[in-house]
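Note sheet for the following structure.
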Amino acid sequence: METSILIPVTRYLAAARRAFFTATASILLVAGVNVITTIATAQGVNDRYYRFEEGIAGNCASGAGSIVDSYFGSPDGTPDGCPIYSTDVPFAVIPLTGQPDTLSLSFNGAQSILFNSFFLLHRTFGDATLEYFIKLPDQPRHSIFWTRPTNEPDENRFNLAIDPGGQLTGDYREPTGKIHQPIGGGVALVNEWHHVAIVKDTQTKAPSHIYSGYVDGVNTVTSLDGHPNEPDPDLMWTISGRIGEQLFGLIDEVRLTQRALEPCDFLISANPCSSPTATPTATATPTVTATPTATPSARPSLTPRTIPTPRPRPTPPPRT
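Counting in numbering that gives the first Met the number 0, the sequence shown runs from 0 upward without gaps.
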């Protein structure tokens with residue numbers, strides 16, 4: 000009884016909150032007033048950047064909407080199971096932005112965060128880039144991003160995961176359940192910080208989509224999705240939200256951009272090659288519920304890079 004009451008309320012609040020930010024940004028841009036400039040220079044209204052700087056080292060991340068987007072201040076993420084704020088970070092200062100990086104979030108295999116923002120690799124958003132930093136111990140297959148709010152059915156979601164030895168894997172399932180793979184890939188050596196990116200290009204080979212995976216700015220895999228049908232755009236999504244495959248390790252600086260970024264515009268680049276332009280595009284409202292807890296430590300291992308700007312080369316269509 001409590002669950003059936005809670006879910007509609009959560010959905011209503013999520014929808015109302017997102018509608019407010021989208022409508023406000025769109026109205027002001029149309030009116031010629033660039034309010035985004037004061038808080039989020041040149042960001043599209045669907046772009047999000049979760050820095051995990053809102054907490055206190057050693058404390059739980061907890062509370063509805065306590066994970067805050069740094070572009071618009073929107074309270075998008077709700078932790079479950081007490082992930083811990085850690086001072087183990089990839090950089091003292093993020094190379095691209097010059098912003099201090101003081102905290103990451105630590106997961107111990109029984110924790111998650113549920114987000115009510117848009118996961119931009121989903122259908123209808125066009126070009127998109129997902130970036131994040133991870134530092135993980137060796138572990139069985141665990142899901143980093145599970146982009147639906149429930150475990151079952153296994154359809155209508157991305158699953159971006161880590162396998163033993165730091166092997167990154169990924170796929171998505173259509174709303175029908177049909178699988179598309181690989182999405183991303185490469186190796187993130189265990190117990191070290193790495194920057195990971197997945198870039199979705201919907202234009203170069205349209206109507207096919209090109210997915211390019213990067214580790215520390217180096218292209219590790221490029222796949223051509225010849226018949227794309229990504230998950231629904233309005234689904235809530237999670238970090239470490241797949242029950243039975245929840246993450247051990249640290250994650251930091253999760254950024255979603257509604258453009259296909261070149262590596263020189265990744266967070267690890269000290270020499271950006273372009274200036275983002277605002278793209279006020281709105282879409283649906285997310286659907287709910289999740290369940291899904293912190294690990295630790297050591298020294299940053301990454302160094303800022305000057306990254307080249309290769310264009311992705313599609314490879315033959317992936318197995319489905």
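Beta carbons: idealized from backbone N, C-alpha and C, even for Gly. Quantities reported herein were computed from a predicted structural model and do not represent experimental measurements.
Review point. How many whole angstroms separate the CB atoms of Leu-246 and Ile-182, which I take to be in contact at a CB cut-off of 8 Å?
Key: Taking the first residue of the sequence shown as 1, we reach residue 246 at position 247. Taking the first residue of the sequence shown as 1, we reach residue 182 at position 183. In this structure Leu-246 does not touch Ile-182 by the C-beta definition: roughly 18 Å separates them, more than the 8 Å allowed.
Check your understanding: Name the DSSP beta bridge partners of Gly-70, please?
Key -> In the sequence shown, residue 70 corresponds to position 71, counting from 1. Reading off the sequence shown, one finds Tyr at residue 70, where the question assumed Gly. Answer is none; Tyr-70 lacks a bridge partner.
**Study point:** Cβ pair Val-214, Val-253 closer than 8 Å
**Key:** Taking the first residue of the sequence shown as position 1, residue 214 is located at position 215. Taking the first residue of the sequence shown as position 1, residue 253 is located at position 254. Cβ distance not < 8 Å, so Val-214 and Val-253 don't count as in contact.
Review point. Whose CA, out of Val-88, Ala-91, Val-44, lies closest to the CA of Ser-69?
Key: Here residue 69 refers to the residue found at position 70 of the sequence shown. Distance check between Ser-69 and each of Val-88, Ala-91, Val-44 places Val-44 closest, using alpha-carbon atoms only.
Check your understanding: Can you list, in chain order, the residues of its chain whose CB lies under 6 Å from that of Gly-184, leaving out five sequence neighbours each side?
Key -> For the purposes of this step, residue 184 is taken as the residue at position 185 of the sequence shown. The residues are Leu-167, Gly-212, Thr-219, Val-220.
Point to revise | Buried or exposed (CB count within 10 angstroms, at least 16 for buried), Asp-153 | key: If you number the sequence shown from 1, residue 153 lands on position 154. Residue environment for Asp-153: exposed (fewer than 16 other C-beta atoms within 10 angstroms of its C-beta).
Check your understanding: Do Ile-133 and Leu-255 have their C-beta atoms closer together than 8 Å?
Key -> Here residue 133 refers to the residue found at position 134 when the sequence shown is read from its first residue. Here residue 255 refers to the residue found at position 256 when the sequence shown is read from its first residue. Contact flag unset, no.
**Study point:** Entirely enclosed alpha helix (DSSP H) segments - the segment 178 to 252, minimum 4 residues
**Key:** At a cut-off of 4 residues, not a single continuous stretch assigned as alpha helix (DSSP H) sits fully inside the segment 178 to 252.
Exercise for review: Counting only the same chain and skipping the five closest in sequence on each side, list residues whose C-beta sits under 7 Å from that of Asp-231.
Suggested key: Taking the sequence shown and counting its residues from 1, the one referred to as residue 231 is at position 232. Result list for Asp-231: His-121, Arg-122, Asn-155, Pro-174, in chain order.
Point to revise | Collapsed DSSP secondary structure at Gly-176 in the structure displayed | key: Counted from its first residue, the sequence shown places residue 176 at position 177. In the structure shown, Gly-176 sits in coil (DSSP, three-state: anything other than H, G, I, E or B).
Practice item. Check the C-beta distance from Ser-116 over to Leu-102 and give it rounded, since I have them as a contact under 8 Å. Key: Taking the first residue of the sequence shown as 1, we reach residue 116 at position 117. Taking the first residue of the sequence shown as 1, we reach residue 102 at position 103. Actually they do not touch by this definition, with Cβ atoms about 20 Å apart.
**Study point:** Inter-residue spacing [alpha-carbon to alpha-carbon] between Glu-130 and Gln-42
**Key:** Locating residue 130 in the sequence shown gives position 131, counting from the first residue. Locating residue 42 in the sequence shown gives position 43, counting from the first residue. Spanning the alpha carbons of Glu-130 and Gln-42 requires a straight line of approximately 15 Å.
**Study point:** Proximity winner among Gly-125, Asp-162, Pro-148, relative to Arg-140 (alpha-carbon distances)
**Key:** Taking the sequence shown and counting its residues from 1, the one referred to as residue 140 is at position 141. Taking only the C-alpha atoms, the option nearest Arg-140 is Asp-162.
Exercise for review: Check each candidate in Ala-60, Glu-53, Asn-190, Leu-234 and name the one with the smallest Cα separation from Thr-149.
Suggested key: If you number the sequence shown from 1, residue 149 lands on position 150. For the set Ala-60, Glu-53, Asn-190, Leu-234, the Cα lying nearest the Cα of Thr-149 is the one of Leu-234.
Check your understanding: Measuring CB to CB, does Pro-94 end up less than 8 Å from Leu-266?
Key -> Within the sequence shown, residue 94 is the residue found at index 95, counting from 1. Within the sequence shown, residue 266 is the residue found at index 267, counting from 1. With respect to Leu-266, Pro-94 sits close: the two C-beta atoms are nearer than 8 Å.
Practice item. Return the Cβ separation of Phe-51 and Leu-104 in integer angstroms, given the expectation that the two are a contact with Cβ distance under 8 Å. Key: Position 52 of the sequence shown, counting from 1, holds the residue named residue 51. Position 105 of the sequence shown, counting from 1, holds the residue named residue 104. Here Phe-51 really is in contact with Leu-104; their C-beta atoms are around 5 Å apart, less than 8 Å.
**Study point:** Own chain, CB closer than 6 Å to Asn-58, minus 5 neighbours either side, in chain order
**Key:** The sequence position of residue 58 within the sequence shown is 59, counting from 1. Excluding residues within five positions, the ones whose Cβ falls inside 6 Å are Tyr-84.
Check your understanding: Under a Cβ-count criterion, where at least 16 other Cβ atoms within 10 Å of its own Cβ denotes burial, should His-179 be classed as buried or exposed?
Key -> Reading the sequence shown from its first residue, position 180 is the one you call residue 179. With 16 or more other Cβ atoms within 10 Å, it is buried.
Review point. Of the choices Ala-91, Asp-224, Ser-268, whose alpha-carbon is the least far from that of Tyr-171?
Key: The sequence position of residue 171 within the sequence shown is 172, counting from 1. Tyr-171 has its Cα closest to that of Asp-224, out of Ala-91, Asp-224, Ser-268.
Check your understanding: To the nearest angstrom, how far is it from the Cα of Gly-62 to the Cα of Ile-55?
Key -> In the sequence shown, residue 62 corresponds to position 63, counting from 1. In the sequence shown, residue 55 corresponds to position 56, counting from 1. Just so you know, the alpha carbons of Gly-62 and Ile-55 end up roughly 14 Å apart.
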